[in-house]
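S.K.: Using the numbering used here, read the sequence shown as starting at 6 and increasing by one per residue.
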Amino acid sequence: MSKLAARLIIAGAVLVVLITIAGLGVIIWAFQRNFIFHSGGRLGQGAVNVAVPTQPPDNSVVVFSFRYGGDRDARLYSIGFARALADRLYCAPKCITQQYTITELSEMCANHGFNFRTPISDQKARELGKAFGARYVITGDMHVSSKNAAIIANLIDTMNASRAVPVRLHGAIYDMPALQTQAVRSIIASMGLKLTSQQSAELAKPNFNKPETLLTYGKSFLSDNKTQVLALRWNALNNDPGSLFATVRLLEFYAFGPLTCPQIRQDTRLSALLARVNTQFSDNSHVAILKGLLLINQYEYQDAENTLRQVVSNDPDMARAHGALALVARNRMNGLLAIEEGKKAVALWPTNAITHVALAYDYSTAADNSRHGHYYSDMSSPVELIWAIDSKNCYRETLIASKLDRECYQAWACMLPVSRELSRRSDVETAFREMTRIRPKSGNAYVDYGFCFSPQWGGSSFQQERVMALADQNLGAGSIPALMVRAQILLSNAPSGKRVGGPDAAEVLRLANEITAKSKEQTEDVMLLQCRAYMLNRQRADLLNIAQKGFVKYGSQEWRYLLGMGYSFRYEDYHNIDDLKKAKDLYSEYTREIPYDPRGYVQWGWCLSHLGRGNEAKVKFLKALQLDPANESAKNKLQYVQ
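1) At the level of alpha carbons, what is the spacing between residue 71 and residue 128?
2) List the endpoints of the continuous alpha helix (DSSP H) containing residue 479.
3) Looking at the structure shown, is residue 101 part of a helix, part of a strand, or coil, going by DSSP?
4) Classify residue 53 as helix, strand or coil using the three-state DSSP reduction.
5) Does residue 289 come out as helix, strand or coil in the three-state DSSP assignment?
6) Quick one: measure Cβ to Cβ for residue 350 and residue 363, integer angstroms, because I've assumed they're closer than 8 Å.
7) Determine the burial state of residue 260: buried for a count of at least 16 other Cβ atoms within 10 Å of its Cβ, exposed for fewer.
8) Are the segment 100-112 and the segment 321-330 touching, with three or more C-beta to C-beta distances below 8 Å?
9) Which same chain residues, not among the five before or five after residue 588, have their C-beta less than 7 Å away from its C-beta?
10) Which residues does DSSP list as the beta-bridge partners of residue 75?
11) What does the Cβ neighbour count give for residue 218, buried or exposed, with the cut at 16 atoms within 10 Å?
12) In whole angstroms, give me the CA-to-CA distance for residue 264 and residue 286.
13) At what residue ranges does the segment 141-211 contain a whole run of the beta strand (DSSP E), taking only runs of 3 or more?
14) Pick out whichever of 95, 216 and 99 has its Cα sitting closest to the Cα of residue 82.
15) Are the Cβ atoms of residue 651 and residue 189 separated by less than 8 Å?
16) Cβ atoms of residue 184 and residue 197: under 8 Å apart, would you say?
17) Keeping to the same chain, check which residues put their C-beta closer than 6 Å to that of residue 357; ignore five residues upstream and five downstream.
18) If you pair each beta-carbon of the segment 557-567 with each one of the segment 302-311, do three or more pairs fall below 8 Å?
19) For residue 614, name the three-state secondary structure that DSSP assigns.
20) Can you say whether residue 151 is buried or exposed, counting buried as having 16 or more other CB atoms within 10 angstroms of its CB?
21) Alpha carbon to alpha carbon, how far is residue 187 from residue 174?
22) If you draw a straight line from the alpha carbon of residue 394 to that of residue 430, how long is it in whole angstroms?
23) Below 8 Å on the Cβ atoms is my guess for residue 142 versus residue 161; work out the distance and round it to an integer in Å.
24) What are the start and end residues of the alpha helix (DSSP H) that includes residue 134?
25) Using only the alpha-carbon positions, how far apart do residue 168 and residue 516 sit?
26) By the three-class DSSP mapping on this structure, what secondary structure does residue 457 have?
27) Just the Cα atoms here: how many angstroms apart are residue 603 and residue 636?
28) Do residue 140 and residue 63 count as a contact pair if the criterion is CB distance below 8 Å?
29) Starting from the N-terminal side, write out each stretch of the alpha helix (DSSP H) that is 4 residues or longer and does not extend beyond the segment 299-350.
30) Given this structure, state the Cα-to-Cα distance separating residue 531 from residue 444, to the nearest angstrom.
31) With DSSP as the reference, identify every bridge partner of residue 68, one or two as the case may be.
32) Given this structure, state the Cα-to-Cα distance separating residue 381 from residue 633, to the nearest angstrom.
33) Would a C-beta distance cut-off of 8 Å place residue 214 and residue 171 closer than the cut-off?
34) Once DSSP output is grouped into helix, strand and coil, what is the label at residue 419?
35) Considering only DSSP beta bridges, list what residue 96 is partnered with.
36) Looking at C-alpha atoms only, which residue of 74, 93, 256 and 227 is the closest neighbour of residue 210?
In structure tokens, the structure reads:
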């Protein structure tokens with residue numbers, strides 16, 4: 006062999022080695038950069054084709070704030086008149102139109118970069134109405150001078166750029182209730198809606214009696230002080246006691262507002278209001294839904310379900326009623342009922358992105374129920390197959406919602422975790438990018454993104470540190486949001502108190518203490534973080550202390566469960582039978598309100614077994630296994646009592 010040939014062979018061998026090394030480097034880089042998901046449940050990265058609804062229901066409408074001019078009170082009158090008009094068009098006494106809640110509208114408008122309180126042009130309203138999946142939008146102009154008001158309410162068809170119907174009204178300010186009935190009659194006719202004789206008679210009556218009611222509500226609408234808002238809405242009702250509008254807006258504040266469960270229960274005026282409502286507006290679906298939502302806000306899920314079940318029975322065409330019932334079912338971890346009601350809400354308003362997101366969460370609840378956190382590698386197992394179907398349906402709904410309204414933050418927020426579970430890596434990246442684009446200062450995106458790199462998904466501390474560094478960069482290093490991101494990501498890694506290749510549970514506790522020190526007040530998310538940090542570090546006395554404070558301050562079922570754990574731990578340490586009885590009673594109440602969570606039955610059964618009531622304990626463990634056949638804790642405890 007010639008020297009030249011030998012050199013060529015050697016050069017070729019070296020080249021092969023270099024290419025191999027380079028290829029391995031690329032593989033290692035890709036391994037570090039991309040998510041490594043568990044093998045069970047993979048549905049692939051291929052495109053999923055979904056049919057996106059394009060035709061909104063003819064009775065769907067969004068009412069925006071009216072533009073205003075004239076006297077200094079013109080803005081307040083315009084706000085009150087627009088909201089009262091929206092309420093009057095909603096129910097009479099059953100559903101006439103499909104509308105968003107004020108909370109949903111505020112969030113959706115914020116997603117699109119503007120404050121819902123701000124009046125907008127007709128063109129902007131049409132664009133937003135189309136994105137929100139509504140057939141019609143209503144804008145308007147109000148000019149108030151001296152004792153007179155001139156109003157133009159514009160009914161705009163989002164499906165027809167050239168169709169807009171102006172409804173012109175003029176009269177004395179004290180005639181505003183009568184002007185409302187004129188506007189409602191014209192708008193209903195222009196929308197082409199057919200009314201029953203009962204509905205026509207109901208709409209002939211305004212939902213407020215005094216124009217001052219609009220002024221007072223307008224003040225509350227513009228205020229950011231919850232104490233002031235509540236006082237103003239009570240003033241509006243007290244000055245106009247027969248006003249449906251004032252009643253609805255007051256109940257709305259209790260149902261959607263910032264008050265905690267104990268604050269609501271301690272308000273002695275509320276029980277008298279509800280008694281009066283049951284007499285005055287017993288057949289009004291809007292009022293009934295708010296009563297159900299108020300019960301949800303107090304975590305009384307069984308009563309809320311009964312109330313809302315009656316609403317959907319009497320008024321089956323009300324999308325919001327089915328959505329509220331699905332919410333109750335989801336909170337009670339009843340995935341099948343949640344899906345059933347969520348589908349009905351979607352069918353009644355198929356172009357509403359929020360209803361699709363809610364249905365996605367319903368499917369997610371069902372998927373969680375099928376596995377309760379247990380991962381199976383055998384895709385042929387019935388549990389895994391059910392999980393895969395529900396998860397894929399969840400993903401489809403988030404995809405539809407994102408296509409209906411690309412600015413819908415809630416759609417991307419739901420898409421990210423389900424894409425992680427289905428190994429759709431590009432969708433995880435897309436969802437994270439869209440979440441941080443729409444809400445750059447939201448920590449939830451970084452938390453969910455960081456979860457994708459947790460050990461249970463085959464991730465590494467190196468990858469998670471990159472996410473944490475990104476949160477520090479965009480949220481502010483050392484800020485409470487950035488610290489919360491870091492703590493929540495570490496929590497996802499350490500069910501047993503340790504993190505692979507990094508800080509242990511003590512780091513979570515350190516972060517929780519730092520966040521608490523920097524916070525002006527102990528919010529619920531901060532207190533929950535403290536509680537879980539104490540649990541990881543087995544600081545049982547501190548856990549019981551924070552759980553007691555959390556339960557008193559917020560009163561949720563989750564705090565009830567954590568308080569039960571606190572008493573259970575103290576019983577293990579000191580064997581005080583009173584602590585065991587307290588824990589038993591807390592778990593009993595917990596399972597009454599959330600009967601589809603196996604954790605409650607396991608803990609309840611544990612308490613009963615230590616109270617010497619083995620047969621009763623056995624029933625609870627069997628119930629837990631009925632809900633979650635793979636629950637190891639229930640299996641082990643069942644063997645103990647047999």
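Note that the Cβ used here is the ideal one computed from N, Cα and C, for glycine as well. Treat the numbers as computed from the prediction; the structure is a model and nothing was measured.
M.R.: Checking against the coordinates, here is how it stands:
1) 14 Å
2) 466-480
3) coil
4) coil
5) coil
6) 7 Å
7) buried
8) yes
9) 569, 572, 573, 576 and 612
10) 149
11) buried
12) 24 Å
13) 141-150, 153-162 and 169-177
14) 216
15) Not covered by the structure: residue 651. The range shown for the chain is 6 to 647.
16) no
17) 138
18) yes
19) helix
20) exposed
21) 8 Å
22) 19 Å
23) 5 Å
24) 127-136
25) 57 Å
26) coil
27) 8 Å
28) yes
29) 306-319 and 324-336
30) 21 Å
31) 143
32) Bear in mind that the predicted position of residue 381 carries a pLDDT of just 41, short of 50, making it too unreliable to give a figure here.
33) no
34) helix
35) 100
36) 93
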